[in-house]
């Protein structure tokens, strides 16, 4: 299967959660908006007037006749096809449940720098961002990350994976969360590290996987920057 | 199957999306925290220290040995079992995609009155709420609702449903969104009504379904109030 991934070309963003799964799977995919030629363009998909199932926003995956949006939904589709989700329904529901909690966390991470509106610059909502980030650093990030730690600790198949005995797309996504937070909130993450031994170990293990390691070293992996979800503003970092 | 639903007892909240599906299905369920006796309590599930799959937050559905959280995930589980989702995978993915966009919208609706922190009262973030709500009323609500309108208009099986030719949990959820916004943002919804003929018609059709109508008239349907997701603060309504 040849996949086409559509996402904003200049950032990792929510597309990165899909990209990591495609890379780990060794899947054949075209990152259309980054210059390779797809059969269509993202603006045509987002205009969507000719589609039976118009997506609301990217990332969007074309897989044969399917046009799938919402990163968690795309991952749920890809997971069982590429050995990145358990084979049974209960395991798939649980992996997806973790992923939906990742989605919630990602939205809050985004809102640390854009609590008021995506239509305004950070500088136009800096005062509100500082107030939002104070709660984020003190309460929200520790709560979400602490939950991932607990999920690992209580996994009956062992604390190396979030769901079941093998790597899933949820593990890849939590890797990405940690990578992004290390960039955006280094002080906070350093303080929290002691309480997150399993999360930190998961991060290191995923980073060392051959395909992920090769991907991270390639120019397909964009660096974090001040336009994406994870932004480093020292004034927000506790 | 006897289901147990766990959710905060005093509000509709995110539990209501699950409740509407259970009601439309005529399913046998116990709303545990509202006083009926379940086999456990929500605080035990949220403490979660004895669970292999501890939920992060309610709503939580117990179904046999499964403990499922995240409303969209619960609906995805219930849908095909109760005729509230298409039978084929493509249709199920699309229905879930719509539901995940509902989830995103619900979060933004919540943030109109709590843009800074769920740990603070509305009155403590009123200035920020006004600023957030201005964009919500002018841009976000029209964009999300307009997308539902378009999804209905472009559905090849007709504009009576969001996904396929039959009622799905996504239709029930968009009904709930409209009901809630009519309560919270009556001026804005009145202004938008002309542009949303299909969404308004869907709302009316769902409200008139026998089981939903009976549910809405029962004391199982809590009224909207100032503690839930949908709150009526006239100063936020454009």
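Protein chains in written order, with my numbering: chain A, 333 to 570; chain B, 333 to 570. No residue lacks a Cβ here, since even glycine has one placed at the ideal position from N, Cα and C.
Simplified DSSP assignment, three categories, for residue i
{"i": "residue 334/B", "result": "strand"}
{"i": "residue 492/A", "result": "coil"}
{"i": "residue 360/A", "result": "strand"}
{"i": "residue 449/B", "result": "coil"}
{"i": "residue 382/A", "result": "coil"}
{"i": "residue 528/B", "result": "coil"}
{"i": "residue 346/A", "result": "coil"}
{"i": "residue 389/B", "result": "coil"}
{"i": "residue 514/A", "result": "helix"}
{"i": "residue 417/A", "result": "coil"}
{"i": "residue 568/A", "result": "helix"}
{"i": "residue 405/B", "result": "helix"}
{"i": "residue 539/B", "result": "helix"}
{"i": "residue 412/B", "result": "helix"}
{"i": "residue 499/A", "result": "coil"}
{"i": "residue 550/B", "result": "coil"}
{"i": "residue 371/B", "result": "coil"}
Status (buried if at least 16 other CB within 10 Å, exposed otherwise) for residue i
{"i": "residue 487/B", "result": "buried"}
{"i": "residue 550/B", "result": "exposed"}
{"i": "residue 455/A", "result": "exposed"}
{"i": "residue 453/A", "result": "exposed"}
{"i": "residue 557/A", "result": "exposed"}
{"i": "residue 526/A", "result": "exposed"}
{"i": "residue 495/A", "result": "buried"}
{"i": "residue 394/B", "result": "buried"}
{"i": "residue 559/B", "result": "exposed"}
{"i": "residue 405/A", "result": "buried"}
{"i": "residue 444/A", "result": "buried"}
{"i": "residue 333/B", "result": "exposed"}
{"i": "residue 373/A", "result": "exposed"}
{"i": "residue 365/A", "result": "buried"}
{"i": "residue 396/A", "result": "exposed"}
{"i": "residue 555/B", "result": "exposed"}
{"i": "residue 449/B", "result": "buried"}
{"i": "residue 543/A", "result": "exposed"}
{"i": "residue 566/A", "result": "exposed"}
{"i": "residue 367/B", "result": "exposed"}
{"i": "residue 552/B", "result": "exposed"}
{"i": "residue 403/B", "result": "buried"}
{"i": "residue 490/B", "result": "exposed"}
For residue i: DSSP bridge partner residues
{"i": "residue 395/A", "result": "335/A, 398/A"}
Endpoints, alpha helix (DSSP H) assigned at residue i
{"i": "residue 442/A", "result": "421 to 443"}
{"i": "residue 562/B", "result": "Element bounds for residue 562/B: n/a, residue is neither H nor E."}
{"i": "residue 556/A", "result": "That residue, residue 556/A, is in no alpha helix (DSSP H); it is neither H nor E in DSSP."}
{"i": "residue 296/B", "result": "In the structure as shown, chain B starts at 333 and stops at 570, and residue 296/B therefore has no counterpart that could be examined."}
{"i": "residue 474/A", "result": "473 to 486"}
Any non-hydrogen atom of the ligand SAH closer than 6 Å to residue i Cβ
{"i": "residue 504/B", "result": "The ligand SAH is absent from the structure shown, which contains no ligands of any kind."}
ask   = Looking at C-beta atoms only, is the number of pairs between the region 426 to 434 of chain B and the region 515 to 522 of chain B that lie closer than 8 Å three or more?
value = no
ask   = For the region 480 to 500 of chain B against the region 401 to 417 of chain B, are there 3 or more C-beta pairs whose distance is under 8 Å?
value = Yes, the region 480 to 500 of chain B touches the region 401 to 417 of chain B.
key: Cβ contact (3+ pairs, closer than 8 Å) linking the region 381 to 398 of chain A and the region 456 to 473 of chain A   = Touching, no.
inquiry  = Pairs of beta-carbons, one from the region 458 to 465 of chain B and one from the region 340 to 359 of chain A, closer than 8 Å: are there three or more?
reply    = no
request  = Answer yes if the region 400 to 409 of chain B comes into contact with the region 480 to 495 of chain B, meaning at least three C-beta pairs across the two stretches below 8 Å, and no otherwise.
outcome  = no
message = I want to know whether the region 372 to 381 of chain B touches the region 532 to 540 of chain B - three or more CB-CB distances under 8 Å.
response = The way I'd put it, the region 372 to 381 of chain B doesn't touch the region 532 to 540 of chain B; fewer than three beta-carbon pairs between them come closer than 8 Å.
request  = Could you say if the region 560 to 568 of chain A and the region 508 to 518 of chain A meet the contact criterion of at least three C-beta pairs nearer than 8 Å?
outcome  = yes
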